[in-house]
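Numbering (our numbering), first residue to last: 24 to 570. A quick write-up on the structure given underneath.
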């Protein structure tokens, strides 16, 4: 049958007027519309303006005045209130819908979400259970979302197992359902099955693009978190970058990106990301703490100290562990500023707050080492190792303290333990090389130095120690190359210039040796080795005087 167009026209006419009457107009235009008593018009308006709750809520309220017994209108109104974060009002609206239509899973699921946001977990779980029990009239909600919300609220292993079974049943019917795959990944992550979770997230992203109310940005965000969980930091960075391509103003994603970059020893990029978080959330305590950590990583002690102090004034409450971390970072910054007594006071505060934290005791030992209180430093680092025998930094710090106590055998043992735990620590390899050289084991010293510069080709100490070992082995051309590499890294290193001068002298390249030694003395007049060598060379090979 051909529809009667004349009967359809009056119902469509208000929608034609929509473009003009809802734009900013003189007051009488809105007043006249408010007087319209066409329930169909207001119902359509309530339904079609979903992306503009501020405009839609008044339309729904007007529709409900005219049709107060329509459960779908109350459900729609509740959903809009929920989206506007008016949770108590949303619960009341969903209640009105359920009074008129008890078998309304959409309304029960909406109440579940609202109660969850209000922090009433018991009421939320009850509502979700009711939605799943009725399992009809879901509207724009789904049983999948209700099951997911319920498992997150309960946050128990058994609930995640139950949810996982539910998702699997859904996927048996719809194997490429993106939202179900995403939820499956989340449940697997909660159960500690990180690699399976990543696989599920990847399948979700290659699925049918049915995400329900889920945004792609959140999927990439959680995938990045999972990569971090399994220590796949580079992949985590890519995932967070992808999430930000969908939502560039998401503070939590910027924060996770910043933290990951800092762990990857990319402090400049990390600092930029933390700054972005603070542009979005200016008083974020966690971002300020990250900024403090990163500035210390960049050896910007004054700025780090200021950021640490500001962290304690942020809006979000810090956990006791985070407060201790703030004080620990203040201690580190104060140490770099040469304020050692203040640094020790801060370090003592850290171990007072967290006596079971290995890093606090280990970092306190470093401050005591700078104060030349070696025995006390040794006791502090031994406490750290007793708390966490897998703390590679604590073993490395113990090695440094044993060296200062003139006990190279124990220093060697401590560095060896550190490298068993973390074989990719270039600085520890360099320190091990120095101890081996001092014991006359020059071949082993060269091997350790080679390992240091392989792990970190920009480590100045690694190239210097490599050159020193090569000199002891009388391999002067190779030693010269190592000193030259060290100078490329730091042209202001007086020790590198002095070493280069001595090696050149060994090869009887006296003019070049004198020039290198003069550079060393100009950079550091207290470089006694360079001064002595220069005096000796000046007697053997006087410099050519200018004409």
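Yeah, the Cβ is synthetic: ideal placement off N, Cα and C, and Gly gets one too.
- Residue 79 counts as buried, since no fewer than 16 other beta carbons sit within 10 angstroms of its beta carbon.
- By alpha-carbon distance to residue 199, the top candidate from 189, 233 and 369 is 233.
- Between residue 352 and the set 341, 320 and 380, the nearest pair of CA atoms involves 320.
- The C-beta distance from residue 420 to residue 385 rounds to 5 Å, short enough to meet the 8 Å contact threshold.
- Only residues of its own chain outside the window of five on either side were considered, and among them 87, 116, 117, 119, 120, 123 and 130 have a CB closer than 8 Å to the CB of residue 97, listed in chain order.
- Out of 284, 411 and 241, the CA that lies nearest to the CA of residue 254 is found in 284.
- With a cutoff of 8 Å on beta-carbon distance, residue 468 and residue 492 are scored as near each other.
- Residue 218 and residue 310 have their C-alpha atoms spaced approximately 28 Å apart.
- Between the alpha carbons of residue 109 and residue 83 lies a gap of roughly 15 Å.
- Contact between residue 278 and residue 242 fails: their C-beta atoms lie close to 18 Å from each other, not under 8 Å.
- Judged by DSSP secondary structure, residue 357 falls within the alpha helix (DSSP H) whose first and last residues are 343-359.
- Taking the Cβ atoms as the reference, residue 505 lies roughly 13 Å from residue 520, outside the contact range of under 8 Å.
- Inter-segment contact for the stretch 401-410 and the stretch 441-460 is absent: fewer than three beta-carbon pairs are separated by less than 8 Å.
- For residue 454, the enclosing alpha helix (DSSP H) has its first and last residue at 449-461.
- The C-beta distance from residue 148 to residue 114 rounds to 15 Å, too long to meet the 8 Å contact threshold.
- Secondary structure of residue 470 (DSSP, three-state): helix.
- A straight-line Cα-Cα distance of about 9 Å links residue 557 and residue 544.
- Contact annotation: residue 183 and residue 227 have beta-carbon atoms that are not nearer than 8 Å.
- Only residues of its own chain outside the window of five on either side were considered, and among them 483 and 519 have a CB closer than 8 Å to the CB of residue 513, listed in chain order.
- A direct Cα-to-Cα measurement between residue 300 and residue 306 gives close to 9 Å.
- Judged by DSSP in its simplified three-state form, residue 378 adopts coil rather than helix or strand.
- Sequence-distant partners of residue 501 (beyond 5 residues in either direction) whose C-beta falls short of 6 Å from its own C-beta, in its chain, are 493.
- Annotated as distal: residue 404 and residue 415, with beta-carbon spacing of 8 Å or more.
- Note on geometry: alpha-carbon atoms of residue 256 and residue 111 lie some 41 Å from one another.
- Around the beta carbon of residue 497, fewer than 16 other beta carbons sit within 10 angstroms, so the residue counts as exposed.
- Annotated three-state conformation of residue 178 is coil, per DSSP.
- Here residue 336 is exposed: its Cβ has fewer than 16 other Cβ atoms, across all protein chains shown, within 10 Å.
- Shown here for residue 400: same chain residues with a beta carbon closer than 7 Å to its own, the five before and five after excluded, namely 388, 391, 392 and 424 in chain order.
- Excluding its 5 nearest sequence neighbours in each direction, residue 525 has C-beta neighbours in its own chain below 7 Å: 556, listed in chain order.
- Across the set 239, 377, 203 and 185, the C-alpha of 185 shows the shortest separation from the C-alpha of residue 214.
- Our two residues, residue 324 and residue 367, have alpha carbons roughly 16 Å apart in a direct line.
- Rounded to whole angstroms, residue 472 and residue 239 show a C-alpha spacing of 47 Å.
- Residue 540 and residue 511 have their C-alpha atoms roughly 16 Å apart.
- Burial is judged here by how many other beta carbons sit within 10 angstroms of a residue's own beta carbon; residue 181 has fewer than 16 and is exposed.
- Take residue 166, set aside five residues on each side of it, and the residues of its chain with a beta-carbon closer than 7 Å to its own are 155 and 158, in chain order.
- Taking all protein chains in view, the Cβ of residue 503 is crowded by 16 or more other Cβ atoms within 10 Å, so the residue is classified as buried.
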